[in-house]
Amino acid sequence: MAGRKEIVAPPPIPGKLHDLIYAFRKSKVLFAACDLGVFDVLHESDAPQSAEDISSKLTTNVDATTRFLDALVALELLEKTKQGESWLYSNTEMAKQFLTKSSPDSVACYMRHSNQLLYPIFGNLESAVREGSNQWMKTFGQSSEDVWKATYNSEEAHLRFLEAMHTSSRHSCHVVVTAFDLSEFQCCCDLGGGTGSMAYTLCQYYPNMKITVCDLQSVVDSAHHFRPSLEDCPNQGNVSYVVGNFFQPDLPKADLYVMSRILHDWTEEKVDLILSNVFKCLPSGGHLLIAERLLNKDKNWS
1 MAGRKEIVAP PPIPGKLHDL IYAFRKSKVL FAACDLGVFD VLHESDAPQS
51 AEDISSKLTT NVDATTRFLD ALVALELLEK TKQGESWLYS NTEMAKQFLT
101 KSSPDSVACY MRHSNQLLYP IFGNLESAVR EGSNQWMKTF GQSSEDVWKA
151 TYNSEEAHLR FLEAMHTSSR HSCHVVVTAF DLSEFQCCCD LGGGTGSMAY
201 TLCQYYPNMK ITVCDLQSVV DSAHHFRPSL EDCPNQGNVS YVVGNFFQPD
251 LPKADLYVMS RILHDWTEEK VDLILSNVFK CLPSGGHLLI AERLLNKDKN
301 WS
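Going by UniProt numbering, 130 is the number at position 130 of the sequence shown; the sequence numbering is gapless.
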């Protein structure tokens with residue numbers, strides 16, 4: 001009788017590859033929790049809550065909610081404790097600080113933006129690579145122009161978008177502002193400055209600098225929603241808003257122009273036009289500060 005062939009176990013999946021395989025599921029759990037309002041429900045409660053209580057407040061299925069909450073525990077976004085025969089859930093400190101709407105450090109609205117816009121469009125990444133074109137029509141049934149037009153035409157949707165951008169930029173503005181010594185500049189113009197997060201950050205570091213935020217009418221009309229408190233920014237009076245368009249040549253006068261996360265949205269022809277308009281307005285000794293996420297020399301993001 002021939003000897004039994006040795007059983008060889010398959011090699012284990014490398015940890016990094018394993019994480020990549022499941023990463024989208026983790027992101028989706030996080031996004032869905034923000035969209036459903038899980039962290040806010042727990043934050044507004046006086047004590048840890050049962051799955052039944054949370055489900056009732058969210059008007060969701062109890063069994064599915066229990067499984068979902070346990071997934072959030074596994075991701076270390078919620079804590080789970082036993083009280084008698086019941087399991088109770090509460091926010092971790094990280095969730096409380098960054099994922100509840102009322103926290104000044106919240107990024108919850110950017111999570112919702114990612115869930116509603118970015119996550120769906122990345123689902124058509126293969127088509128984008130095959131075709132070399134954007135996937136707005138395939139994802140949303142509308143062109144990118146129509147999607148943004150609808151966003152800007154709806155006050156509620158527009159405000160949600162601005163809130164997401166404000167949240168995202170708040171956490172990068174300090175890095176940009178402190179990367180260089182800007183004390184020589186007296187007057188700054190933040191082109192496409194949106195809600196003013198960059199402008200108010202400049203205000204905090206350079207209290208003598210006057211900053212003008214130049215953006216579209218609808219953005220300027222909504223900017224007051226994002227004004228910081230006097231305690232956080234005592235000299236916020238140094239920030240002003242003006243309606244303008246960086247595709248037009250008549251830009252506000254300044255000795256420092258800032259464009260943060262602007263140029264990557266446009267074609268090379270449009271970028272050339274924007275930069276030409278800025279160059280025409282630059283005084284002698286004036287500067288342009290561009291803040292963008294760029295590939296390194298090897299183009300591997302590391």
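We treat Cβ as the ideally placed atom computed from N, Cα and C, and that holds for glycine. These numbers were taken from a predicted model, which means no experiment stands behind them.
Please report the straight-line C-alpha distance between Y241 and T201, rounded to a whole angstrom.
15 Å
Alpha carbon to alpha carbon, how far is G132 from T139?
15 Å
Give the DSSP-derived three-state secondary structure of D190 in the structure shown.
strand
Taking the straight line between their C-alpha atoms, what separation do you get for T92 and S154?
If you take the alpha carbons of T92 and S154, they lie about 35 Å apart.
Using beta-carbon positions only, say whether S222 and L159 come within less than 8 Å of one another.
Yes. Within cutoff.
Closest Cβ-Cβ distance between C233 and chain B: below 8 Å?
In the structure shown, chain B cannot be found, because there is only a single protein chain.
Measure the beta-carbon distance from S169 to M198 and round it to whole angstroms, keeping in mind my assumption that it falls under 8 Å.
7 Å
Who are the Cβ neighbours of G286 in its own chain at under 8 Å, not counting the five residues just before and after it?
A254, D255, L256 and Y257
Measuring straight from C-alpha to C-alpha, what distance separates G237 and Q116?
35 Å
Please confirm whether V176 and S106 have their CB atoms less than 8 Å apart.
no
Counting only runs that start and end within the region 256-290, where is the alpha helix (DSSP H) found for 4 or more residues in a row?
The region 256-290 contains, as complete alpha helix (DSSP H) runs of 4+ residues, the segments 268-281 (chain order).
Measuring CB to CB, does Q49 end up less than 8 Å from L99?
no
Going along the chain, which residues of its own chain have a beta-carbon closer than 6 Å to the beta-carbon of A128, five neighbours each way excluded?
Q135
Just to confirm the assignment: which complete beta strand (DSSP E) runs, minimum length 3, are found wholly within the region 39-113?
78-83 and 86-91
Are the Cβ atoms of L251 and E292 separated by less than 8 Å?
no
Run through DSSP, which three-state label would D232 get?
coil
Hey, how far is the Cα of I211 from the Cα of F279?
Distance between the alpha carbons of I211 and F279 is about 18 Å.
Would you report the Cα separation of P11 and I54, rounded to the nearest angstrom?
Going by C-alpha positions, P11 is about 42 Å away from I54.
Express the C-alpha separation of A164 and Y110 in angstroms, rounding to a whole number.
4 Å
Anyone know if the C-beta pair for V62 and A51 falls short of 8 Å?
Yes, the Cβ-Cβ distance between V62 and A51 is below 8 Å.
With respect to the beta strand (DSSP E) encompassing I211, which residues constitute its N-terminal and C-terminal limits?
K210 to D215
Using DSSP with H/G/I as helix, E/B as strand and the rest coil, what is residue 308?
Residue 308 lies beyond the residue range present for the chain, which begins at 1 and ends at 302; the question has no answer from this structure.
By Cβ distance below 8 Å, which residues in the same chain neighbour residue 306 in space, the five residues on each side in sequence not counted?
Outside the shown range of the chain (1 to 302) lies residue 306, about which nothing can therefore be said.
Do H43 and S102 come within 8 Å of each other at the CB atom, strictly closer than that value?
yes
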